[in-house]
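Colleague: Heads up, the sequence shown is in the working numbering, so the first residue is 1087 and it goes up one at a time. Each residue gets a CB set at the ideal place from its N, CA and C atoms; glycine is no exception.
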Amino acid sequence: MVTNAKRRWVALVMVVVVSSVLIGAVYLLGRSPGRPVGSKEFVIVAGPNGFNGSVQHGIPWPIIVVHKGDNVTITVMNDDVVETHGFAIVTYFEKGFTVRPGVSQSISFLANRTGNFTFYCNIICTVHQFMVGRLVVED
Ligand SMILES: [Cu+2]
């Protein structure tokens, strides 16, 4: 025999289960398309024209936009035949690296802080003042 108390108990359990499923579904939907999170790769060509032609374009250039949580890989290709160039990112890659003519080097990191972060050539070169770009990490 099913009492009213038992029916109420069953109804309460059902409400809790259905609510949990709905909350889970909303959570998953909130994480799906429209907000792609994943691996983002960029190439920066460093040379007599600055970073990706920044000498003609003006700074900051290039501007790289990612989302918080992205795994970001930036490859710096030095296509200069004479000069070594460098690359560092405020907060994310303070240490930086230098790249000899004709050489490429990459840095990978998790974009775990939102905001605008300047990247720049970390050695003095003839186009130094043009080697300033921006990394934008959006929420
Ligand atoms: Cu440089």
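Which partner residues of R1220 appear in the DSSP bridge assignment?
Modeller: Counted from its first residue, the sequence shown places residue 1220 at position 134. Answer is I1149, T1204, bridged to R1220.
Colleague: Specify the secondary structure class of V1176 as computed by DSSP and reduced to three states.
Modeller: In the sequence shown, counting from the first residue as 1, residue 1176 sits at position 90. Note: V1176 maps to coil in three-state DSSP.
Colleague: Let's test the definition: count the other Cβ atoms within 10 Å of the Cβ of G1172 and tell me whether it reaches 16, buried, or not, exposed.
Modeller: Locating residue 1172 in the sequence shown gives position 86, where the first residue counts as 1. So G1172 counts as buried.
Colleague: Quickly, what does DSSP pair V1158 with across the bridge? List them, please.
Modeller: One-based indexing of the sequence shown puts residue 1158 at position 72. Answer is K1126, F1195.
Colleague: Please report the straight-line C-alpha distance between G1182 and F1195, rounded to a whole angstrom.
Modeller: Here residue 1182 refers to the residue found at position 96 when the sequence shown is read from its first residue. Here residue 1195 refers to the residue found at position 109 when the sequence shown is read from its first residue. Their Cα atoms are separated by approximately 13 Å.
Colleague: Here's the rule: buried if 16 or more other CB atoms are within 10 angstroms of the residue's CB, otherwise exposed. What is S1140?
Modeller: Within the sequence shown, the letter at position 54 stands for residue 1140. Buried: at least 16 other Cβ atoms inside 10 Å.
Colleague: Taking the alpha carbon of N1198 as the point to measure from, which residue in I1145, V1167, Y1178, C1207 has its own alpha carbon closest?
Modeller: Position 112 of the sequence shown, counted from the first residue, corresponds to residue 1198. Taking only the C-alpha atoms, the option nearest N1198 is Y1178.
Colleague: Between G1172 and ligand 1, is there a pair consisting of the residue's CB and a ligand heavy atom that are separated by less than 7 Å?
Modeller: Within the sequence shown, residue 1172 is the residue found at index 86, counting from 1. At least one heavy atom of ligand 1 is nearer than 7 Å to the Cβ of G1172, so yes.
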